[in-house]
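Here is the structure we will look at.
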Amino acid sequence: MATKEDLDIETLLEIYRRSMRVYKTDERFRQMLTSGKLRLVYYPVRGQEVLSAAMMAALNLDDYLVTTYRGVHDQVAKGIPLRDLWAEFTGKVTGTCKGKGGPMHITDPATGVMVTTGIVGAGLPIANGLALASQQSGDGRVTVVCFGDGASNIGAFHEALNLASLWKLPVIFLCQNNRYAEHTAYSAGTAAKQIIDRAPGYAMEAVRVDGNDPIAMHLVACEAVARARAGEGPTLIEAMTYRMLGHTFGADFSYVPAEMQEEAKQADPIPLFRALLAERGIDAATLEAIENAIGAELDEAVEHALSSPYPDVDELRIDVLKEEIAA
Ligand SMILES: Cc1ncc(C[n+]2csc(CCOP(=O)(O)OP(=O)(O)O)c2C)c(N)n1
Ligand SMILES: [Mg+2]
């Protein structure tokens, strides 16, 4: 296995770039909501930027991603164009699903973003289906499915792990353990001490990692991708992280103990990543240039989304059935 020293500065900067695209996108959504320029239910991803960036940087653009309602970090880290994402979030015809999917159903096959679902746990069997198709066609693609700690208590999680292991599917189960499922703390809903403790029951490789550490997370991700591509089957990754801003944006999250909120602050992956890059000799001006470029791209994306039209009512039944039916 590669070691920390093997991770070159270019790879680290690529992970940082992806992390900042997520960070800035999330920040902009919250700003737009707070200022009343946007109205939608938003699931903030503050705190989970780096784990996603480190995972997606281990994939090719045509590898597949399946994610959830709290999945904007995964979609952006995978490489979805920001203008298409913003247009879909705002229900506009220029969006990835012509404005008919919305935030809960972001799909962009061009960047491998295949399915986003609001049904907890539903993505895992779908990911198996994509991975089975790759196995049968021999296209060499790997599928990553992201889900939360809470999702690991859903039946579909167990069914999917069993079949993926049995069939040696090229799939990676990325559990983002942010210690809460809506308002339920991990210990109030899960008997197992760790999610990875369930993997031996399915004869599956599993690894628990600090998801806020870009190097550790990326090395684990690369190993899982290599295993899947080599036909050696799936991996369950439990990436430890924190949900820094509650379940939905604006909702009270004072039920999260103050000590845990403090722990989350101390483990905030963004300042830690900046410190790591400084240690590796990257100066502040380089980081600022990365952030400014993303800021400009976001300005354009938001403007494009807001000025695009809503889909016409004639679109209502198109893309619903295999045979398109005009209204
Ligand atoms: C099948 C199903 N049950 C319940 C819900 C309501 N619900 C939405 S999010 C959520 C919590 C999910 O927690 P977790 O899997 O840890 O993901 P996180 O939001 O922390 O990323 C629940 C119970 C749902 N959407 N689908
Ligand atoms: Mg959770």
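Here this note's numbering is used: the first residue of the sequence shown is 471, the next is one more, and so on. We treat Cβ as the ideally placed atom computed from N, Cα and C, and that holds for glycine. Predicted model only: the values in this text are computed from it and were never measured.
With DSSP run on the structure shown, which of helix, strand or coil describes residue i?
i: methionine 471; result: Confidence at methionine 471 is low in this model, with a pLDDT of 45, below 50, so the placement of that residue should be treated as unreliable; the coordinate-derived value is given next. Here methionine 471 sits in coil by DSSP.
i: threonine 504; result: helix
i: threonine 654; result: strand
i: glycine 561; result: coil
i: serine 631; result: The amino acid at residue 631 is misidentified as serine; the sequence shows leucine. In this structure, leucine 631 counts as helix in the three-state DSSP scheme.
i: isoleucine 441; result: In the structure as shown, the chain begins at 471 and stops at 797. Residue 441 is therefore absent and cannot be evaluated.
i: glycine 618; result: strand
i: glutamate 675; result: strand
i: valine 783; result: helix
i: leucine 483; result: helix
Using the beta-carbon count (16 or more within 10 Å), is residue i buried or exposed?
i: threonine 504; result: exposed
i: arginine 488; result: buried
i: methionine 471; result: Caution applies to methionine 471, whose pLDDT of 45 falls short of 50 and renders its modelled position unreliable; the value that the coordinates give is listed next. Exposed, because fewer than 16 other Cβ atoms sit within 10 Å of the Cβ of methionine 471.
i: asparagine 530; result: exposed
i: aspartate 683; result: buried
i: threonine 495; result: buried
i: tyrosine 712; result: buried
i: aspartate 784; result: exposed
i: lysine 792; result: exposed
i: leucine 636; result: exposed
i: threonine 756; result: exposed
Next item on the list: Pair every Cβ in the region 582-596 with every Cβ in the region 512-523, then say whether three or more of these pairs are closer than 8 Å.
Entry: no
Check: In chain order, what residues place their C-beta within less than 6 Å of a heavy atom belonging to ligand 2?
Finding: Gly618, Asp619, Gly620, Asn648, Tyr650, Ala651
Item checked: Stretch-stretch touch, CB-based, cutoff 8 Å, three pairs: the region 721-731 with the region 520-530 -> no
Note to self: For a minimum of 4 consecutive residues, which ranges assigned as the alpha helix (DSSP H) are wholly contained in the region 576-615?
What the structure shows: 593-607
Next item on the list: Return the chain-ordered ranges of every beta strand (DSSP E) run that is complete within the region 509-545 and spans a minimum of 3 residues.
Entry: 534-538
Checklist line | Given 8 Å, three or more beta-carbon pairs between the region 552-568 and the region 775-790 | finding: yes
Next item on the list: Flag this pair as touching only if the region 627-645 and the region 607-617 have three or more C-beta atom pairs under 8 Å; answer yes or no.
Entry: Short answer: they touch.
Checklist line | Sufficient close CB pairs (3 or more, under 8 Å) joining the region 574-588 to the region 538-553 | finding: yes
Note to self: Check whether the region 753-771 and the region 490-501 are in contact - that is, three or more C-beta pairs closer than 8 Å.
What the structure shows: yes
Notebook entry, point to check: Residue ranges of each alpha helix (DSSP H) run of no fewer than 4 residues wholly in the region 693-764, ordered along the chain?
Noted result: 728-736, 739-749
Check: Counting pairs of Cβ atoms below 8 Å between the region 679-699 and the region 626-634, do you hit three or more?
Finding: no
Next item on the list: Could you tell me whether the region 747-758 touches the region 538-547, where touching means 3 or more Cβ pairs closer than 8 Å?
Entry: no
Check: Is the region 692-703 close to the region 719-728, with three or more CB pairs under 8 Å?
Finding: no
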